[in-house]
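Chains as they are written, first to last, in the working numbering: chain A, 872 to 1157; chain B, 37 to 307. As C-alpha cells, the structure follows; a few thoughts come after it.
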C-alpha cells in the first residue's frame, strides 16, 4: 500500500531560524506520532502537510498529488482534516454554527446534507448535548473536541492533528485517545505531541524531530529498544546517568551507560526518546 | 370509541396522499387510540418516517441565522455566503459602533466651519479602508489557519468580506455626510476612498490584507501631511482632478482584480 504522504528533503526557514533542515518522512494509514521538544519543527512540518505553508525546498506528495500545484492543492484540501495547535473560534458562534462554518469552507453542500454531516461529527466527539452552546462558554477540552469535529468533516483521508491533547486533563486525554484511534481506522493520521504516553498508546509508527532534523523513524517499540540496557534503578542518582529522576517509591530511575554489575530494567518509549534527544543535545553542546 | 381508522385511510395518511379534512380527523383520533396509532405506524414507509424525523431535527437544532445573516440573505446573498460574511470581524457590532463614533466626531468637526469640512473630507476616505483592513487576515480572523487548509478559495472569501464591509462602511459614512450640511460636496471622499480600496485589493496579491490597507493608509497620511504646510489640501479633498484620477484608479484596480487569471478561482461557481 503506497504511503498517503511522502515528504522528501524538505527545508523551511523563518528569518534566522531553520525550522526544517532536510526532513524526509512517510505517513501511511493508521496513526503516526510526531515527537520532539519545543522548536523541533513539528508544527512547521504539520502546517506544510496541511497546505497552510509551502516548503523552501524539497518535495511533498500528498495522496499522490503535488501541493505546490494549485489544482492539486485544492484536491488535497478536499481530503484533509486539520486541527491546528491553537484552534481559533469565531466569537459568538455556537458549536453547531462553528462546525457548520468550517463545513461551508470545506464546500459541503447542499445545506441539508451539510447539516447532517455537522450533526454526525458533533456526535462523533460526543458534544451533541452542547451543540447549541456558545464555543466561548465551553471548557478547553470541549473546545479541542469542537476543533476535532471540524477536522473530521467530510470523512477526510488524511488527518493532521497538532498537539490535540495539550492542556487536557487525564480523563479528557483518554477520551481524545479513543477518538483519535477511531479516526485512525482506514485513514492516515499524523499526530504531533509532547506526550510519549499518547504515542505509545495510539501510534503504529513514530517520527522524532529535533532542531529541524529527523532523529528517528520506526515503531514505538523500536524507539523504546534504543534504551535497552540503559535503564536501571538505584537508591540515589547515579553519577554515570545522563538523566535521572526520583520515582514515587523513593528510588531513582537512571538513564545512560550503566556501571558494571547493575541490573537493567526494560525501557519504555519515553526512555528511548529521552536518551535519543539527550544524546543529540550532548553532541551539540560538545 | 365508535370510529376507527380504516386500513385504506391509514395508508393514505401515512404516505401523505390523504386530503386535509380526513388527515385532521386522523390526527385528532390518533391522540386517543393506541390501536390506530399502531395501524398507522405499520403503514408508514420507513423512508418517509426518516425524512420526517430529519426535517424535525433540522427545524429544531439547525442554527438560527444571525441578524447580519438574515439581512444579507434578504439582499440576495446565499445563506452559506451570509454565514461566511457574518464572521468578518469588521462586521461585528463592536467594530460598527466604533466606526459610527469616529464618524460622528468627524461630522461634528465638519459642521463647525469650512476648515472642519476639509478635515472631514481628508479623514472620511480612510474609514472604509480601515474597515476593509479588518475584514480578513492572519491576526484578525481566528480561523485563518483552518481556512487556509480548506478548499474554499481564500481570495473569494476575502473579496466577499471586503465587498460586505465596504458596503456597510460606505453607507454609514454617506449617512453621516448628509448631516455635515455641505450638500454633495460632503461626498467628495467617496471616489478617493474607492480608489484606495481598489489599490488595497490589488496589493493583496503580494501582501496580506491588513498590511496592504495599512500601507495605503500610511501613504495617504504622508501625502496629506506633506501638503498641509503648502496649503494644497484642497487639491486632495475637493479638486475635480482628484475625483477623476480616483475614478480612473478605482476602475483600473477593479479591472485588475476581475480579469487577473490568478484570481479566477475566486469567481468560480462553488459546488
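We put the beta carbon where it would ideally sit given N, CA and C, even for glycine. These figures come from a predicted structure and were not determined experimentally.
Evaluate residue 276 (chain B) with the Cβ neighbour count: other Cβ atoms within 10 Å of its Cβ, from every protein chain shown; 16 or more gives buried, anything less gives exposed.
Looking at its Cβ environment, which holds fewer than 16 other Cβ atoms inside 10 Å, residue 276 (chain B) is exposed.
Quick one: which chain B residues come within Cβ less than 7 Å of residue 888 (chain A)?
Within chain B, not a single residue places a beta-carbon under 7 Å from that of residue 888 (chain A); the smallest gap is close to 18 Å.
Give the DSSP-derived three-state secondary structure of residue 1093 (chain A) in the structure shown.
Residue state for residue 1093 (chain A) is assigned as helix, using DSSP reduced to three classes.
Interface flag, residue 101 (chain B) vs chain A, CB-CB below 7 Å
No, its Cβ sits nowhere closer than 7 Å to a Cβ of chain A.
Report yes if the C-beta distance between residue 1031 (chain A) and residue 953 (chain A) is below 7 Å; otherwise report no.
One thing to note: residue 1031 (chain A) has its Cβ within 7 Å of the Cβ of residue 953 (chain A).
Starting from the Cα of residue 1064 (chain A), find the closest Cα among A:1025, A:904, A:941 and give me that residue.
Nearest C-alpha to residue 1064 (chain A) among A:1025, A:904, A:941: A:904.
Using alpha carbons as the reference points, say which of B:232, B:185, B:86, B:247 lies closest to residue 202 (chain B).
Taking only the C-alpha atoms, the option nearest residue 202 (chain B) is B:232.
What are the uninterrupted segments assigned as beta strand (DSSP E) that are 3 or more residues long and contained completely in the region 943 to 973 of chain A, given in chain order?
Positions of the beta strand (DSSP E) runs, each at least 3 residues long and wholly inside the region 943 to 973 of chain A, are given as 951 to 954 in order along the chain.
Reducing DSSP to helix, strand and coil, say where residue 1113 (chain A) ends up.
Strand, per DSSP.
So is residue 1158 (chain A) in contact with chain B if we call contact Cβ pairs under 7 Å?
Limits of chain A in this structure are 872 at one end and 1157 at the other, which puts residue 1158 (chain A) out of reach.
Less than 6 Å separating the Cβ of residue 152 (chain B) from some heavy atom of the ligand COA?
Of the ligands one can find in the structure shown there are none, so the ligand COA has no counterpart to examine.
Give every residue of the same chain whose Cβ lies closer than 7 Å to the Cβ of residue 918 (chain A), excluding the five residues on either side of it in the sequence, and list them in chain order.
Excluding sequence neighbours, residue 918 (chain A) sits near 924.
Use the C-beta contact count for residue 947 (chain A): other C-beta atoms within 10 angstroms, 16 or more gives buried, fewer gives exposed.
Residue 947 (chain A) should be labelled buried.
Assign residue 190 (chain B) to one of three DSSP states: helix, strand, or coil.
Of the three classes helix, strand and coil, the one that applies to residue 190 (chain B) here is helix, per DSSP.
Output, in chain order, the set of chain A residues within a Cβ distance shorter than 8 Å of residue 188 (chain B).
What residue 188 (chain B) touches in chain A: 975, 976, 977, 978.
Residues sharing a beta bridge with residue 885 (chain A), DSSP:
Residue 885 (chain A) is bridged to A:888.
Grouping DSSP H, G and I as helix and E and B as strand, with all else coil, what is residue 110 (chain B)?
Helix, per DSSP.
Please report the straight-line C-alpha distance between residue 893 (chain A) and residue 91 (chain B), rounded to a whole angstrom.
If you take the alpha carbons of residue 893 (chain A) and residue 91 (chain B), they lie about 53 Å apart.
How big is the Cα-Cα spacing for residue 170 (chain B) and residue 279 (chain B)?
Going by the C-alpha atoms only, they are around 26 Å apart.
Inter-residue spacing [alpha-carbon to alpha-carbon] between residue 1069 (chain A) and residue 1054 (chain A)
Straight-line Cα distance between these residues: approximately 15 Å.
Alpha carbon to alpha carbon, how far is residue 158 (chain B) from residue 259 (chain B)?
Each residue's alpha carbon lies about 11 Å from the other.
So, residue 889 (chain A) versus residue 1119 (chain A), is the Cβ gap smaller than 7 Å?
At least 7 Å separates the beta-carbon of residue 889 (chain A) from that of residue 1119 (chain A).
Residue 1050 (chain A) and residue 973 (chain A) look like a contact to me (Cβ under 8 Å); what is the Cβ gap, rounded to whole Å?
Contact between residue 1050 (chain A) and residue 973 (chain A) does not hold, since their C-beta atoms are separated by about 17 Å, which reaches or exceeds 8 Å.
Which listed residue (A:1040, A:884, A:1107, A:1132) has its alpha carbon closest to that of residue 1121 (chain A)
Of A:1040, A:884, A:1107, A:1132, the smallest CA-CA separation from residue 1121 (chain A) is found for A:1107.
Look up residue 929 (chain A) in the DSSP assignment and say whether it is helix, strand or coil.
Strand.
Which chain B residues are close to residue 959 (chain A), counting only those with a beta carbon under 9 Å from its beta carbon?
Near residue 959 (chain A) (Cβ distances below 9 Å), the residues of chain B are 177, 178, 179, 180, 181, 182.
7 Å Cβ cutoff met for residue 1140 (chain A) and residue 1037 (chain A)
Cβ distance not < 7 Å, so residue 1140 (chain A) and residue 1037 (chain A) don't count as in contact.
Residues of its chain near residue 1117 (chain A), where Cβ-Cβ distance is below 7 Å and the 5 sequence neighbours each way are ignored
In the same chain as residue 1117 (chain A), and ignoring 5 residues on each side of it, the C-beta atoms closer than 7 Å to its own belong to 1123, in chain order.
To which residues does DSSP link residue 1088 (chain A) through a beta bridge?
Beta-bridge pairing links residue 1088 (chain A) to A:1078.
Where do the ends of the beta strand (DSSP E) carrying residue 995 (chain A) lie?
Under the DSSP assignment, residue 995 (chain A) falls outside any beta strand (DSSP E), being part of the alpha helix (DSSP H) whose first and last residues are 982 to 995.
Is residue 937 (chain A) helix, strand or coil when you go by DSSP?
Note: residue 937 (chain A) maps to coil in three-state DSSP.
In this structure, does DSSP put residue 276 (chain B) in helix, strand or coil?
Of the three classes helix, strand and coil, the one that applies to residue 276 (chain B) here is helix, per DSSP.
In its own chain, which residues sit with a C-beta less than 7 Å from the C-beta of residue 1048 (chain A), not counting the 5 before and 5 after it?
Hits under 7 Å: 1069, 1072, 1073.
Straight-line CA distance for residue 69 (chain B) to residue 77 (chain B)?
The straight-line gap from Cα to Cα measures roughly 12 Å.
With DSSP as the reference, please indicate the residues paired to residue 1102 (chain A) in a beta bridge.
Among the bridge pairs identified by DSSP, residue 1102 (chain A) is matched with A:1126.
Tell me, which residues are paired with residue 902 (chain A) by DSSP?
A:1060, per the DSSP bridge assignment.
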